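Visitor:
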Amino acid sequence: MRDTGIAGAGDKRPGVVYRSAKTLRERWREPAAMGVGMTEKAYRVCPLCEATCGLELTLDTGRITAARGDRADVFSRGFVCPKGAALGQLDNDPDRIRRPLLRTATGHREVGWEEAFAAVEAGLTSVIDRHGRQAVATYLGNPNVHTLAGGLYAGALAKAVGSTQVYSASTVDQMPKHVSSGLLFGDPLAIPVPDLDRTDYLLMLGANPVESNGSLCTAADFPGKLKALRRRGGRLVVVDPRRTRTAALADRHLPIRPGADAYLLAALVHTLFAEELTAPGPHLTGAEDVRRLVEPFPPEAVADACGIPAESIKDLARELAAAPTAAVYARIGTSTVEFGTLASWLVDVLNALTGNLDRPGGAMFPLAARRRRGTGRGRGFTTGRWHSRVRGLPEIKGELPAVTLAEEITTPGEGQVRALITVAGNPVLSTPGGHRLDEALTGLDFMVSVDPYLNETTRHAHVVLPPPPPGRSPHFDLAFGDLAIRNTARWSPAPLPPEDGEPDECRILSRLTMIAAGHGAAAAANPYALDDTVIAGVLAKAVADPSSPVHGRDPAELAAALHGDSGSERQVDLMLRLGAYGDGFGADPDGLTLARLIAAPHGIDLGPLEPRLPEVLRTPSGTVELCPAPLAADLDRLRAALAERRDGLVLVGRRHLRSNNSWLHNLPALTRGSNRCTLHVHPADAAALGLADGGSALVSSRTGELTAPVEITEDVMPGVVSLPHGWGHDRPGTRLRTAADDPGVNVNRLTDPDALDPLSGTAVLNGVPVRVRPAPGSAPATVPVSAVEAAAEPALTSAQAG
Ligand SMILES: Nc1nc2c(c(=O)[nH]1)N[C@H]1C(S)=C(S)[C@@H](COP(=O)(O)OP(=O)(O)OC[C@H]3O[C@@H](n4cnc5c(=O)[nH]c(N)nc54)[C@H](O)[C@@H]3O)O[C@H]1N2
Ligand SMILES: Nc1nc2c(c(=O)[nH]1)N[C@H]1C(S)=C(S)[C@@H](COP(=O)(O)OP(=O)(O)OC[C@H]3O[C@@H](n4cnc5c(=O)[nH]c(N)nc54)[C@H](O)[C@@H]3O)O[C@H]1N2
Ligand code: SF4
Ligand SMILES: [Mo]
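Our numbering runs 200 ahead of the 1-based position in the sequence shown.
(1) Any idea if Ser747 is buried or exposed, counting beta-carbon neighbours within 10 angstroms, 16 or more meaning buried?
(2) From the DSSP secondary-structure annotation, give me the bridge partner or partners of Ala563.
(3) Compute the Euclidean distance between the alpha carbons of Val528 and Val274, then round it to the nearest angstrom.
(4) Report whether the distance from the Cβ of Asn866 to the nearest heavy atom of ligand 3 is below 7 Å.
(5) Should Asn966 be listed as close to ligand 2, given that the test is whether its C-beta is under 7 Å from any heavy atom?
(6) Sort Val852, Thr399, Trp927 and Pro976 by Cα distance to Leu891 and report the nearest one.
(7) Going along the chain, which residues of its own chain have a beta-carbon closer than 7 Å to the beta-carbon of Val490, five neighbours each way excluded?
(8) So the beta strand (DSSP E) Asp805 belongs to, where does it begin and stop?
(9) Name the two residues that bound the continuous alpha helix (DSSP H) containing Arg571.
(10) Using 8 Å as the threshold, is the C-beta distance between Gly284 and Leu255 below it?
(11) Does Ala742 come out as helix, strand or coil in the three-state DSSP assignment?
(12) Sorted by chain position, which residues of the same chain lie with C-beta nearer than 6 Å to Ala541's C-beta, five sequence neighbours on each side aside?
(13) Measure the beta-carbon distance from Val899 to Ala908 and round it to whole angstroms, keeping in mind my assumption that it falls under 8 Å.
(14) Ignore the nearest five residues each way along the sequence and tell me which others in Val945's own chain have a CB closer than 8 Å to its CB.
(15) Looking only at C-alpha atoms, which of Ile708, Phe565 and Leu416 sits nearest to Arg531?
(16) Please classify Lys741 as buried or exposed, where buried requires at least 16 neighbouring CB atoms within 10 angstroms.
(17) In chain order, what are the residue ranges of uninterrupted beta strand (DSSP E) at least 3 long that sit wholly in the region 329 to 403?
(18) State whether the region 338 to 357 contacts the region 305 to 322, with contact taken as three or more CB pairs (one from each stretch) at a distance under 8 Å.
(19) Buried or exposed: Arg431, going by 16 or more other Cβ atoms within 10 Å of its Cβ?
(20) Taking buried to mean at least 16 other C-beta atoms within 10 Å of its own C-beta, is Trp586 buried or exposed?
(21) Who are the Cβ neighbours of Thr713 in its own chain at under 8 Å, not counting the five residues just before and after it?
(22) Within the same chain, show all residues whose beta-carbon is closer than 8 Å to that of Leu257, passing over the 5 residues directly before and after it, in chain order.
(23) Please identify the residue among Ala716, Pro294 and Pro820 whose C-alpha is closest to the C-alpha of Ile621.
(24) In chain order, what residues place their C-beta within less than 5 Å of a heavy atom belonging to ligand 3?
(25) Which first and last residues belong to the beta strand (DSSP E) in which Tyr529 is found?
(26) The alpha helix (DSSP H) with Asp893 in it runs from where to where?
(27) Considering Glu911, what are the terminal residues of the alpha helix (DSSP H) in which it resides?
(28) Closest by CA to Asp790, which one among Arg777, His802 and Ile798?
(29) For Asn1022, report the span of its alpha helix (DSSP H) as first-last.
(30) So does the region 391 to 401 actually touch the region 518 to 527, counting three or more Cβ pairs closer than 8 Å?
(31) Between which residues of its own chain and Ala522 is the CB-CB distance below 7 Å, once the five residues before and five after are set aside?
(32) Which same chain residues end up closer than 7 Å to Asp805 when comparing Cβ atoms and leaving out the 5 residues on each side of it in sequence?
(33) At a threshold of 7 Å, does Gly1064 count as lining ligand 2 (C-beta to nearest heavy atom)?
(34) Along the alpha helix (DSSP H) that carries Met647, what are the first and last residues, could you check?
(35) So what does DSSP say about Arg971, is it helix, strand or coil?
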């Protein structure tokens, strides 16, 4: 057994009271005692997107029968979208897996939990014994940031496996922002967010929060906040190749050639310097170096690449500098591109140079309830501590790029991946070359997935461990407090009790972690051994830290004082009590504890964002290091690319309010109307290519091809076509009956696993060169798709009003 530092079975900590399952259950009304028609209300934060709306759930006979916005919620004040309103349908989806599945020659069959965990132990042990730990890869999908279990245990699981083969959805998403923040501020998690409620000017690039409800900027009712900004006389400028619903709300929409944001942003910085419009705040070094580095990017030099006139770029820079307060905010469309890290960095360079970094109305650092204030200095941030085996790609934040997973499985040799653990991920649909990964997964010796659906990825798993639905899971946002535009804290108890014998996801992941660490299934004897080890580790550090409110105290006594029926609850209590607003175990008797949060079902408001410089920094210099060497060097690549001709057709993505990546297509409430996997084409391109609205197009790229229905629309700029991701639900062996009715196609057949932003390992999902022509035999439709949709569109107003 490898020493992972995780306590063994039966190793209960002195002084900790382990309550029985019976006491746990007593916290809910016995479902049998609740007659039909007798309803109850419960409050739970929605786990479906980053907006983290508080929901008011109606419970009837042990089920969620309705969900609406909780008007008393301190953060979301009643906002809800159609996805949150469908939470009951998600909980009750008949296709949701309720018992563990074991793969057999004829398909998956249900087994008990003990048998499933024993199969996991046997499968992992067999691979590790034969090929070593390096042969086991872990892929952590997006919902891990939306579950308490993911936040508490997913990282521990990957560590316990003891392999560098760790992957996550971050490298098809926000990794460029982590790298840029790591280099600028010394902390990859220190991400400034636009102070939406107070800003006078918002420049938004590559984001469509009216559909996505916002990302790396947690704000419930993002659309309402954009409208409020304009009502109070502020301005909104949206940069996007598509005229999105967000762009429609803006004062100005600037269509940009996909992938060109780094040029635009560099030219804005150039203009600020050229016209002496900079006004940087304190705690900042490197501004002069930035001035020198952006010299090759005057607006005139980049206008063609961006498709935006030089004069418009200059005007934009002047407006930004003149606004009393302003924030630049950018998301997916600037992140999953060739120059994603450069663009992410230049966004904050603009915020800093205009004096808007860390001031009210600008771009500010949230202070989550679980965080402590920092010291203002640290070791900084590095990448490339190790490299991927096949392609030699650098490690970033402990991970390898998701684009390389398939070849790590299929390429023979020392260290070849033979086993895979997936938690809350569907990389077959969500990563470039997903069809190759689909094929690669068939060659694994062992695969286990923690997931409630048998989908395109999990259908390959030898064991599927299904977590209970949101209605039966407690919730605390461990991730989004760091990104929220207002500091709040909310604890959601599980609205409904677990089904008999069903472990919650915290138990599933902690047990998987123990098994991966080599403790064997016997570790189940003490379900909270992992929590106790984590708690003991945190307390040992805290009591030794002179700046901690518990400095010098007895860790065993502190552990015994923690509140909670489960290890996960005690971990949250610990974070809250040691956090910036915490009671410090008595040091501040009015401070935050889990017990206080439980007593406040609509949450506790901790106030608007406050300036945090320099305390938030962890750079060696103790300043915002505006011009980090890796970014300075990458500007050469940007300059070289400026000389390239780029006039072919390119593909971008899009999101729909009623989708959520790959996994909500099975809910009837969300899949009607305009939520369809169609190829958006501008009328001029359609005419040139001979495409008809409602007909089919054959779309091909360097790596694959597919056929998709055509939707002609002026909402996409000429030269650009758009397909949403997360579709392609036509694979055998899945159990997604509603989704299979209208499966769509997997756009990630077209995206290229070889194309990535080198600084962050992030895939290029936008600006993908494609060829498009009418599909052979495609008969042009007589009725335009848009007309069919207008007729079928369900009314959303009641669900959205909250
Ligand atoms: N072409 C293209 N590709 C993209 C994108 C794009 O814009 N364009 N966007 C990218 C982005 S931003 C992201 S985040 C990724 C997402 O990539 P992934 O995270 O790989 O995929 P998801 O579709 O989010 O899959 C989520 C999985 O979690 C499961 N799940 C849901 N709830 C729970 C739960 O409570 N517990 C557990 N254990 N599992 C749960 C679902 O059943 C599903 O299998 O896709 C990326 N892929
Ligand atoms: N309804 C819904 N909500 C979601 C999700 C979902 O799938 N559906 N997914 C969630 C996840 S995991 C995430 S990460 C967030 C993402 O949240 P957002 O970043 O807001 O995502 P999108 O709505 O895809 O908006 C990206 C925009 O970038 C534009 N774009 C594409 N290429 C470029 C480019 O080169 N430059 C510029 N300037 N723009 C470009 C696209 O046209 C699109 O409008 O949404 C989350 N919320
Ligand atoms: S915007 Fe919708 S999906 Fe997102 S948290 Fe709110 S209700 Fe849930
Ligand atoms: Mo994402």
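Using N, Cα and C, we set each Cβ at its ideal position, and we do this for glycine too.
Treat the numbers as computed from the prediction; the structure is a model and nothing was measured.
Guide: Based on what the coordinates show:
(1) Against the sequence shown, residue 747 aligns to sequence position 547. By the 10 Å Cβ count, Ser747 comes out exposed.
(2) Locating residue 563 in the sequence shown gives position 363, counting from the first residue. DSSP lists Pro394 and Leu557 as partners of Ala563.
(3) As a first step, residue 528 must be located in the sequence shown, where it is residue number 328. As a first step, residue 274 must be located in the sequence shown, where it is residue number 74. Each residue's Cα considered, the two are about 26 Å apart.
(4) For the purposes of this step, residue 866 is taken as residue 666 along the sequence shown, with counting starting at 1. No, since every heavy atom of ligand 3 falls outside the 7 Å radius drawn around the Cβ of Asn866.
(5) Within the sequence shown, residue 966 is the residue found at index 766, counting from 1. Checking every heavy atom of ligand 2 against the Cβ of Asn966, one is found closer than 7 Å.
(6) Within the sequence shown, the letter at position 691 stands for residue 891. When only C-alpha atoms are compared, the closest one is Pro976.
(7) Position 290 of the sequence shown, counted from the first residue, corresponds to residue 490. In chain order, Val469, Val549, Leu826 and Cys827 place their CB closer than 7 Å to the CB of Val490, counting only its own chain and leaving out the 5 sequence neighbours on each side.
(8) For the purposes of this step, residue 805 is identified with residue 605 of the sequence shown, where counting begins at 1. Per DSSP, Asp805 belongs to the beta strand (DSSP E) from Ile804 to Pro808.
(9) Here residue 571 corresponds to residue number 371 of the sequence shown, with the count starting at 1. Secondary structure note for Arg571: it is in no alpha helix (DSSP H), with a DSSP letter that is neither H nor E.
(10) Position 84 of the sequence shown, counting from 1, holds the residue named residue 284. Position 55 of the sequence shown, counting from 1, holds the residue named residue 255. Contact: yes.
(11) Working through the sequence shown from its first residue, we reach residue 742 at position 542. Ala742: helix per DSSP, three-state reduction.
(12) If you number the sequence shown from 1, residue 541 lands on position 341. Rather than Ala, the amino acid found at residue 541 in this sequence is Thr. Counting only Cβ-Cβ distances below 6 Å, and skipping sequence neighbours, we find Pro376, Val379, Ser380, Asp957, Leu959 and Ser960.
(13) As a position in the sequence shown, residue 899 is number 699, starting the count at 1. As a position in the sequence shown, residue 908 is number 708, starting the count at 1. Right, the Cβ-Cβ distance comes to about 6 Å (below 8 Å), so this counts as a contact.
(14) Against the sequence shown, residue 945 aligns to sequence position 745. Here the set comprises Cys877, Leu906, Thr907, Ala908, Leu923, Trp927 and Gly928.
(15) Taking the first residue of the sequence shown as 1, we reach residue 531 at position 331. Ranking Ile708, Phe565 and Leu416 by Cα distance to Arg531 puts Leu416 first.
(16) For the purposes of this step, residue 741 is identified with residue 541 of the sequence shown, where counting begins at 1. Lys741 is exposed by the Cβ-count criterion.
(17) List check, beta strand (DSSP E) in window: 336 to 340 and 366 to 368.
(18) no
(19) For this step, residue 431 is matched to residue 231 along the sequence shown. Arg431 is exposed by the Cβ-count criterion.
(20) Counted from its first residue, the sequence shown places residue 586 at position 386. Label assigned to Trp586: exposed.
(21) Sequence index remark: in the sequence shown, residue 713 carries index 513 (1-based). Excluding sequence neighbours, Thr713 sits near Ile206, Tyr353, Ala356, Leu357, Ala360 and Leu730.
(22) The count along the sequence shown starts at 1 and reaches residue 257 at position 57. So the qualifying residues of the chain are Lys241, Ala242, Tyr243, Arg244, Ile264, Ala266, Ala267, Leu287, Gly288, Gly671 and Pro695.
(23) Against the sequence shown, residue 621 aligns to sequence position 421. Of Ala716, Pro294 and Pro820, the residue nearest in Cα terms is Ala716.
(24) Cys246, Leu248, Cys249, Ala251, Cys253, Val280, Cys281, Lys283, Gly284 and Asn413
(25) Locating residue 529 in the sequence shown gives position 329, where the first residue counts as 1. Under the DSSP assignment, Tyr529 falls in the beta strand (DSSP E) whose first and last residues are Ala527 to Ala530.
(26) Numbered from 1 along the sequence shown, position 693 holds the residue referred to as residue 893. Run containing Asp893: none; DSSP gives neither H nor E here.
(27) The residue you call residue 911 lines up with position 711 of the sequence shown. Note, Glu911: premise wrong, no alpha helix (DSSP H); beta strand (DSSP E) at Glu905 to Ile912.
(28) Counting from one through the sequence shown, the residue named residue 790 turns up at place 590. Among Arg777, His802 and Ile798, the Cα nearest to that of Asp790 belongs to Arg777.
(29) An answer regarding residue 1022 cannot be provided, because it is not within the stretch 201 to 1002 covered by the chain.
(30) With the cut-off at 8 Å, the region 391 to 401 and the region 518 to 527 touch.
(31) Residue numbering aside, residue 522 sits at position 322 when the sequence shown is read from its first letter. Closer than 7 Å at Cβ, skipping near neighbours: no residue.
(32) The count along the sequence shown starts at 1 and reaches residue 805 at position 605. Taken in chain order, the residues that qualify are Val274 and Thr688.
(33) Given that the chain is displayed from residue 201 to residue 1002, the structure contains no residue 1064 and the question cannot be resolved.
(34) Position 447 of the sequence shown holds residue 647. Segment Phe646 to Val650 is the beta strand (DSSP E) holding Met647; no alpha helix (DSSP H) there.
(35) Here residue 971 is taken as the residue at index 771 of the sequence shown, counted from 1. Strand.
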